[in-house]
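Working notes for the structure below.
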Amino acid sequence: GDSVTQTEGPVTVSESESLIINCTYSATSIAYPNLFWYVRYPGEGLQLLLKVITAGQKGSSRGFEATYNKETTSFHLQKASVQESDSAVYYCALGSYAQGLTFGLGTRVSVFP
Amino acid sequence: NSKVIQTPRYLVKGQGQKAKMRCIPEKGHPVVFWYQQNKNNEFKFLINFQNQEVLQQIDMTEKRFSAECPSNSPCSLEIQSSEAGDSALYLCASSLSGTGVYAEQFFGPGTRLTVL
Chain A
838 GDSVTQTEGP VTVSESESLI INCTYSATSI AYPNLFWYVR YPGEGLQLLL
888 KVITAGQKGS SRGFEATYNK ETTSFHLQKA SVQESDSAVY YCALGSYAQG
938 LTFGLGTRVS VFP
Chain B
5 NSKVIQTPRY LVKGQGQKAK MRCIPEKGHP VVFWYQQNKN NEFKFLINFQ
55 NQEVLQQIDM TEKRFSAECP SNSPCSLEIQ SSEAGDSALY LCASSLSGTG
105 VYAEQFFGPG TRLTVL
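These protein sequence lines map, in sequence, to chains A and B. Per my numbering, the first sequence runs over residues 838 to 950. Per my numbering, the second sequence runs over residues 5 to 120.
Put into structure tokens, the structure is as follows:
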């Protein structure tokens with residue numbers, strides 16, 4: 838089946854430092870999966886951070902960016918300079934029309950001032 | 005911000021009891037998904053609908069789990085005979101489509117089920 842593997846947390850970074858969360862996927866049932874990063878801030882529901890539906894393209898939002906790399910089956914999330922408000926749990930996911938999304942286990946990120 | 009509404013937010017049941025939770029998708033979203041997120045943070049897709057029709061469901065839901073999305077009523081997920089292993093966060097999501105440009109799923113806050 839399909840699977841997503843991401844950086845195991847927790848990850849602790851200082852404000853203004855860079856952040857990278859690795860995500861690799863295996864899409865055995867989908868030829869061209871859509872790729873997503875979702876985020877859950879403390880006390881809030883799961884929300885979409887960014888999405889990319891075409892291999893080779895980059896998605897960006899709120900200073901985060903991720904590139905859909907079909908050759909390495911990766912979709913790493915990066916931010917050059919994090920803020921305390923970026924503290925959250927980040928989930929990498931791949932999309933399938935019939936079977937819904939396949940999520941990674943999430944990476945808890947804590948940003949300290 | 006997502007406008008998917010899930011009720012109740014918390015549900016406590018004894019083993020063998022029925023557990024029912026509801027979801028109102030975002031207005032205009034014909035596709036609805038149900039997921040289970042367990043205490044290990046693992047997500048499991050359960051079932052999805054397009055309008056009132058089931059698109060796909062995993063084997064588990066064909067036994068004790070049932071779901072429906074009737075016209076002009078909230079969608080619902082019901083566990084006929086709850087087991088301790090069903091304790092989890094149940095997430096409802098809706099989207100304009102299942103794939104492509106409109107594949108983005110908007111999630112509700114979830115119903116946290118505890119089976120004692």
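A virtual CB, placed ideally from N, CA and C, is assigned to each residue, including glycine. Remember, predicted model here, so these are calculated numbers, not experimental data.
Among the residues of its own chain, which have a CB less than 6 Å from the CB of residue i, if the five just before and after it don't count?
{"i": "B/V36", "result": "P29, F53, C73, C79, S98"}
{"i": "B/K7", "result": "E30"}
I think residue i touches residue j, with their Cβ atoms under 8 Å apart; what is that distance to the nearest whole Å?
{"i": "B/L95", "j": "B/H33", "result": "With a Cβ gap of about 15 Å, B/L95 and B/H33 do not count as contacting."}
{"i": "A/L856", "j": "A/V926", "result": "A/L856 to A/V926, Cβ: 13 Å. No contact."}
{"i": "B/L81", "j": "B/F69", "result": "7 Å"}
{"i": "B/G114", "j": "A/G846", "result": "Not confirmed; about 20 Å, so no contact."}
Do you know how far the Cα of residue j is from the Cα of residue i?
{"i": "B/A92", "j": "A/Y905", "result": "31 Å"}
{"i": "B/F111", "j": "A/K888", "result": "15 Å"}
{"i": "A/Q920", "j": "A/N859", "result": "19 Å"}
{"i": "B/I9", "j": "A/F912", "result": "30 Å"}
{"i": "A/I867", "j": "B/L117", "result": "32 Å"}
{"i": "B/G18", "j": "B/S75", "result": "31 Å"}
Tell me the DSSP secondary structure of residue i in three-state form.
{"i": "A/A864", "result": "coil"}
{"i": "A/G932", "result": "strand"}
{"i": "B/E57", "result": "strand"}
{"i": "A/S922", "result": "helix"}
{"i": "A/G896", "result": "strand"}
{"i": "A/G941", "result": "coil"}
{"i": "B/A88", "result": "helix"}
Residues in the same chain with beta-carbon distance under 7 Å from residue i, minus the five sequence neighbours each way, listed in chain order, please.
{"i": "B/G20", "result": "S85, S86"}
{"i": "A/P950", "result": "E852, E921"}
Is the separation between the beta-carbon of residue i and that of residue j shorter than 9 Å?
{"i": "A/T939", "j": "A/D839", "result": "yes"}
{"i": "A/F873", "j": "B/E108", "result": "yes"}
{"i": "A/S863", "j": "A/T910", "result": "yes"}
{"i": "A/V850", "j": "A/Y928", "result": "no"}
{"i": "A/G893", "j": "A/K907", "result": "yes"}
{"i": "A/S918", "j": "A/P879", "result": "no"}
{"i": "A/L831", "j": "A/A903", "result": "Past the edges of chain A, shown from 838 to 950, lies residue 831 of chain A, and the structure says nothing about it."}
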